[in-house]
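Colleague:
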Amino acid sequence: MLLDISGVRSRGERAAFSYEPDLSETLPAALRARVSGEAVAGSSHKGGCRLITLNGALTACLAVQCDRCAEPFESEKTVEVSCVVARTTEMSGAPDAGDSGSIFVWDGDQIELDDVFIPAFILDLDMKTLCREDCAGLCQRCGKNLNHETCDCNK
Ligand SMILES: [Zn+2]
Ligand SMILES: [Zn+2]
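Residue numbering for the sequence shown follows our numbering, beginning at 1 and increasing consecutively.
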């Protein structure tokens, strides 16, 4: 979604957003997803330009498979993003992102929110997926799912 931040920039308004991103290409496992948050104007830095801080979160429900027992399950994950957005032309002044971390550079009066939230979400995905912390997994020998049944192999 394109967020118009001209009002935030020129008049110090807040711009709230909430939408459902299309993750079908980047993250086909996502069953549903929502991005919400707001853009707020920070204090102006030299030259009178306002830096804008973008705070928000992407929550997605993913269809995944347990690495240990191969059981499919749904996992909800939220990744919060807080970043400073600055125009390309302002980068020469090297605004200080402070504690908020990253700087997202854009051109024009609109920010493509997908470009901020989706990469941050994907970067934060766990490589290891377990249906639960203490998943018993599959028996190495007979292949039974030890979460649901027991076997005599190790006796
Ligand atoms: Zn499992
Ligand atoms: Zn067994």
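All residues carry an ideal CB built from backbone N, CA and C; glycine is no exception. The model shown is predicted, which means the values in this text are computed figures rather than measured ones.
#1: Report all residues from its chain with a CB closer than 6 Å to the CB of Ala30; omit the five preceding and five following residues, and keep chain order.
#2: Near Phe104, what residues of its chain come up, given a Cβ to Cβ distance below 8 Å and the 5 sequence neighbours on each side ignored?
#3: CA-CA distance, Ala97 and Cys135?
#4: Report the rounded CA-to-CA distance for Leu58 versus Asn154, giving the unit in angstroms.
#5: Starting from Met111, trace the beta strand (DSSP E) in both directions and tell me its first and last residue.
#6: For Ala120, does the three-state DSSP call read helix, strand or coil?
#7: Does the distance between the C-beta of Cys66 and the nearest non-hydrogen atom of ligand 1 fall short of 7 Å?
#8: With DSSP run on the structure shown, which of helix, strand or coil describes Gly143?
Modeller: Reading it off the structure:
#1: Excluding sequence neighbours, Ala30 sits near Leu23, Ala60 and Leu62.
#2: These residues qualify, in order along the chain: Leu54, Cys83, Val84, Val85, Ala86, Ile111, Asp115 and Val116.
#3: For Ala97, the pLDDT reaches just 47, beneath the cut-off of 50, and the residue's location in the model is therefore unreliable, although a value from the coordinates is still provided. Just so you know, the alpha carbons of Ala97 and Cys135 end up roughly 41 Å apart.
#4: Inter-residue distance for Leu58 and Asn154 is about 44 Å (C-alpha atoms, whole angstroms).
#5: The amino acid at residue 111 is misidentified as Met; the sequence shows Ile. It spans Gln110 to Glu112 - the beta strand (DSSP E) in which Ile111 sits, taken as one unbroken run.
#6: In this structure, Ala120 counts as helix in the three-state DSSP scheme.
#7: Checking every heavy atom of ligand 1 against the Cβ of Cys66, one is found closer than 7 Å.
#8: The answer is coil: DSSP assigns Gly143 none of H, G, I, E or B.
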